[in-house]
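Encoded as structure tokens, the structure appears first; notes follow it.
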DNA sequence: AAACTGTCTATTGTGGATAAAAGACAAAAT
DNA sequence: ATTTTGTCTTTTATCCACAATAGACAGTTT
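Residue numbers (full-length UniProt numbering), protein chains in the order written: chain R, 1 to 292; chain V, 1 to 292.
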């Protein structure tokens, strides 16, 4: 098979949810915009919905005949894009499995393992190489540099430089900039989670990403914003395999964020720098602690 | 054809030069190390040299029969790797040709233009995307973000952060660190070029790269060192199409480098920072000036 | 006249095939 | 006891093919 129709399946599932809320679907271009796919895919979705007798479709008329049932949905594992599958599989190998630094990475073996073609694995590795965890020997294998203490230190060093600068730009943003209202929303979410920390501490990870990305974005520098991808992926996968003291760690980080947010609001560069440094220091310690 | 034998052809040409200097070639593994290729390639080279009656080859004995002539060499255009060809071709399109920001980049069209398969073009674009000049729309085209004033400003902002930090680490290096002798060599080269600036000003570009890379390397941070790749490629191609006042520009930069080097030697953080800032400021101005 | 649909074409994403290049291992030579 | 060579296997780099997806254009509907 040349290409998996995951775009279609995922959009179909999302379209079923839209269908549950109305008695008739909108026009094809409108659906395309809503779901973020082309009309070709929309028409494939509508055709499938007609087959399943979910809708009666005649040109502009797309009347809902019945509510979607659980079996109408495509299973979740069929809607993941191939690159996501490769990424997860690879990260599990190098972060969870005892992968030693210096180990060779074999495209063919990886492809066989995942059950995919070499081209996709190869492209993944090229994309992934910018994270500094692997390196290519031309005409030969890739070398795993490993998720080591050095890696974490180098990563956090740059992160701290970038975030201090971004935080300073944030504080200097015009008062009517949309970032301030984004910050309000993020702050409110902090309070919500803290109020029910025992049940909701797992939501921290996503909120953390949103908050720091917002700060980095205010640098208006593509290199700084892009760098945050590395932080995101490292933290995302790393915390999946390191859940010790997650509740306390997250509670503490939430409090630090609130101080940091208050400092940003004060627009006082000295306060901002101090709060930012304090939080970054404890984030670094957390990361280093979890390495071995 | 599946793979161009450019590795073989390039190594063959380099081996011809070795051959011109001795009466017998060394062992296969030794040749492999010298030329940086595998024994498989070495044996292909030896076979070819035997065919051309350049050597008499019997097991360990590889006796030189005659000196190589110009026609023994493979033509230079056959020794370039495909990714180099794609890179050059692409950079000419986006830097020299009037490529507008926002323009779409089409893998198929690019591949047809260059006369290569789409896979190679695609892999090049993925690798190249980390330079922040292009961006992918999934399942669709790439978008050219363009070599604009914003790009240059964002690039230099990060460069300045990284270089100031690297210069500070450099000054703190132990006195017996090899970087100091590398610096001696680079400094000497500066004096040589300055002494004959009218004829040799073109050598500045390569020397500039060596010098700044040396400084960045002392940060011992892979992200800082890797970032210098972006600077390198931008300056490399950019100066190929912007040669106005090259002589004066280079002479001035050489003088600034000498100040900068003297400051590093002083190991005084204040002097280092001042010299580094002065040079970076004029480098930024030069880059911005040449944009439009 | 503006938006929508039917139809068709072009491009991307991915597996598979193949020559080039790397590399493993045992036998042979110093 | 190394080092080198002969032979063979494995892996990478690259092209090609094809389904999925995007996108263009003309005719149709509101």
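Just so it is clear, CB atoms sit at the ideal spot from N, CA and C, and this is done for glycine as well.
Looking at C-beta atoms only, is the number of pairs between the segment 202 to 215 of chain V and the segment 136 to 146 of chain V that lie closer than 8 Å three or more? no
What's the gap between the Cα of residue 277 (chain V) and the Cα of residue 87 (chain V)? Translated into positions along the second chain, residue 277 (chain V) becomes position 277. Translated into positions along the second chain, residue 87 (chain V) becomes position 87. Residue 87 (chain V) has its alpha-carbon roughly 32 Å from the corresponding atom of residue 277 (chain V).
Near residue 22 (chain V), which residues of its chain fall below 7 Å by C-beta distance, leaving aside the five closest residues on each side in sequence? As a working mapping, residue 22 (chain V) is identified with position 22 in the second chain. The residues are 64.
Please state whether the Cβ-Cβ distance between residue 282 (chain R) and residue 256 (chain R) is less than 8 Å. For this step, residue 282 (chain R) is matched to residue 282 along the first chain. For this step, residue 256 (chain R) is matched to residue 256 along the first chain. Taking 8 Å as the Cβ cut-off, residue 282 (chain R) and residue 256 (chain R) qualify as a contacting pair.
Grab the span of the alpha helix (DSSP H) containing residue 198 (chain V) for me, first residue to last. If you number the second chain from 1, residue 198 (chain V) lands on position 198. Run containing residue 198 (chain V): 197 to 200, per the alpha helix (DSSP H) assignment.
Please identify the residue among R:24, R:191, R:241 and R:80 whose C-alpha is closest to the C-alpha of residue 57 (chain R). The residue you call residue 57 (chain R) lines up with position 57 of the first chain. With distances taken between Cα atoms, residue 57 (chain R) lies closest to R:24.
What does residue 147 (chain V) touch in chain R if you count any residue whose Cβ is under 7 Å from its own? If you number the second chain from 1, residue 147 (chain V) lands on position 147. Within 7 Å Cβ-Cβ: nothing; residue 147 (chain V) doesn't reach chain R, min ~13 Å.
What residue range is occupied by the uninterrupted beta strand (DSSP E) comprising residue 262 (chain V)? Counting from one through the second chain, the residue named residue 262 (chain V) turns up at place 262. In the DSSP annotation of this structure, residue 262 (chain V) is not part of any beta strand (DSSP E); the continuous alpha helix (DSSP H) holding it starts and ends at 246 to 266.
Among R:53, R:186, R:1 and R:197, which has the Cα closest to the Cα of residue 208 (chain R)? Translated into the one-based positions of the first chain, residue 208 (chain R) becomes position 208. With distances taken between Cα atoms, residue 208 (chain R) lies closest to R:186.
Can you list, in chain order, the stretches of the alpha helix (DSSP H) that have 4 or more residues and sit fully within the segment 87 to 157 of chain V? Fully enclosed alpha helix (DSSP H) runs of 4 or longer: 107 to 114 and 118 to 128.
Pairwise C-alpha distance: residue 273 (chain R) and residue 251 (chain R): As a first step, residue 251 (chain R) must be located in the first chain, where it is residue number 251. As a first step, residue 273 (chain R) must be located in the first chain, where it is residue number 273. Between residue 251 (chain R) and residue 273 (chain R), the C-alpha separation is close to 21 Å.
Per-residue DSSP class, three states only, for residue 37 (chain V): In the second chain, the residue the question calls residue 37 (chain V) occupies position 37. In the structure shown, residue 37 (chain V) sits in coil (DSSP, three-state: anything other than H, G, I, E or B).
Whose Cβ in chain R lies nearer than 7 Å to the Cβ of residue 247 (chain V)? Residue mapping note: residue 247 (chain V) aligns to position 247 of the second chain, counting from 1. Chain R residues near residue 247 (chain V): none, gap ~32 Å exceeds 7 Å.
Pick out whichever of R:19, R:39 and R:82 has its Cα sitting closest to the Cα of residue 54 (chain R). In the first chain, residue 54 (chain R) corresponds to position 54, counting from 1. Cα-wise, what sits closest to residue 54 (chain R) is R:19.
Neighbourhood of residue 108 (chain V) by C-beta, 7 Å cutoff - its chain only, sequence neighbours within 5 removed: Your numbering for residue 108 (chain V) matches position 108 in the second chain. Here the set comprises 118.
Would you mind stating whether residue 234 (chain V) and residue 288 (chain V) have Cβ atoms separated by less than 8 Å? Here residue 234 (chain V) is taken as the residue at index 234 of the second chain, counted from 1. Here residue 288 (chain V) is taken as the residue at index 288 of the second chain, counted from 1. Cβ atoms of residue 234 (chain V) and residue 288 (chain V): not closer than 8 Å.
CB-CB under 8 Å to residue 259 (chain V), same chain, minus the five flanking residues each way: which ones, in chain order? Within the second chain, numbered from 1, the residue matching residue 259 (chain V) stands at position 259. Taken in chain order, the residues that qualify are 275, 278 and 279.
Note down the Cα distance separating residue 146 (chain V) from residue 284 (chain V), rounded to an integer number of angstroms. Numbered from 1 along the second chain, position 146 holds the residue referred to as residue 146 (chain V). Numbered from 1 along the second chain, position 284 holds the residue referred to as residue 284 (chain V). Their backbone Cα atoms lie some 18 Å apart in a straight line.
What does residue 39 (chain V) touch in chain R if you count any residue whose Cβ is under 8 Å from its own? For the purposes of this step, residue 39 (chain V) is identified with residue 39 of the second chain, where counting begins at 1. Near residue 39 (chain V) there are no residues of chain R at all, since even the closest Cβ is about 13 Å away, more than 8 Å.
Counting only Cβ-Cβ distances shorter than 8 Å, please list the residues of the segment 43 to 65 of chain R near chain V, keeping chain order. none
Closer than 8 Å, CB to CB, is residue 126 (chain V) near chain R or not? On the second chain, residue 126 (chain V) is found 126 positions in, with the first residue counted as 1. Output row for residue 126 (chain V): interface = yes.
Hey, does residue 10 (chain V) have any beta-carbon neighbour from chain R nearer than 8 Å? The residue labelled residue 10 (chain V) in the question sits at position 10 within the second chain. No, no contact with chain R.
Counting only beta-carbon separations shorter than 8 Å, does residue 94 (chain R) have a partner in chain V? Taking the first residue of the first chain as 1, we reach residue 94 (chain R) at position 94. No, residue 94 (chain R) lies away from the interface with chain V (no Cβ there is under 8 Å from its Cβ).
Reference residue 313 (chain V), options V:114, V:175, V:159 and V:249, closest by Cα: As displayed, chain V neither begins before 1 nor continues past 292, which places residue 313 (chain V) out of reach and without an answer.
Would you kindly work out how many angstroms separate the C-alpha atoms of residue 230 (chain R) and residue 131 (chain R), rounded to a whole number? Residue mapping note: residue 230 (chain R) aligns to position 230 of the first chain, counting from 1. Residue mapping note: residue 131 (chain R) aligns to position 131 of the first chain, counting from 1. Computed Cα separation, rounded: 6 Å.
Does the Cβ of residue 81 (chain V) lie closer than 7 Å to at least one heavy atom of the ligand FAD? Of ligands this structure carries none, so the ligand FAD is not represented either.
Please list the terminal residues of the continuous beta strand (DSSP E) segment that includes residue 55 (chain V). Taking the first residue of the second chain as 1, we reach residue 55 (chain V) at position 55. Annotation for residue 55 (chain V): the continuous beta strand (DSSP E) segment containing it runs 55 to 58.
Going by CA-CA distance only, name the one from V:135, V:80, V:240 and V:73 that's closest to residue 102 (chain V). Counting from 1 along the second chain, the entry for residue 102 (chain V) is found at position 102. Nearest C-alpha to residue 102 (chain V): V:135.
Confirm, please, whether the CB-CB distance from residue 11 (chain V) to residue 37 (chain V) is below 8 Å. Position 37 of the second chain, counting from 1, holds the residue named residue 37 (chain V). Position 11 of the second chain, counting from 1, holds the residue named residue 11 (chain V). Yes, these two residues count as a Cβ contact at 8 Å.
In or out: residue 163 (chain V) buried (at least 16 other Cβ within 10 Å) or exposed? If you number the second chain from 1, residue 163 (chain V) lands on position 163. Per the 10 Å Cβ criterion, buried.
Sequence-distant residues of the same chain with beta carbon closer than 7 Å to residue 73 (chain V), five excluded per side: The sequence position of residue 73 (chain V) within the second chain is 73, counting from 1. These residues qualify, in order along the chain: 13 and 16.
When the distance is taken between beta carbons, is residue 144 (chain V) closer than 8 Å to residue 94 (chain V)? For this step, residue 94 (chain V) is matched to residue 94 along the second chain. For this step, residue 144 (chain V) is matched to residue 144 along the second chain. Yes; because the gap between Cβ atoms is below 8 Å, this pair is in contact.
Name the residue from R:219, R:168 and R:151 whose alpha carbon lies nearest to the alpha carbon of residue 267 (chain R). Working through the first chain from its first residue, we reach residue 267 (chain R) at position 267. Selected option, being the one with the closest Cα: R:168.
Going by DSSP in three states, residue 17 (chain R) sits in which element: helix, strand or coil? Along the first chain, one-based indexing puts residue 17 (chain R) at 17. In this structure, residue 17 (chain R) counts as helix in the three-state DSSP scheme.
Mapping the DSSP letters down to three states, classify residue 243 (chain R) as helix, strand or coil. By 1-based counting over the first chain, the position of residue 243 (chain R) is 243. Reduced to three states, the DSSP call for residue 243 (chain R) is coil.
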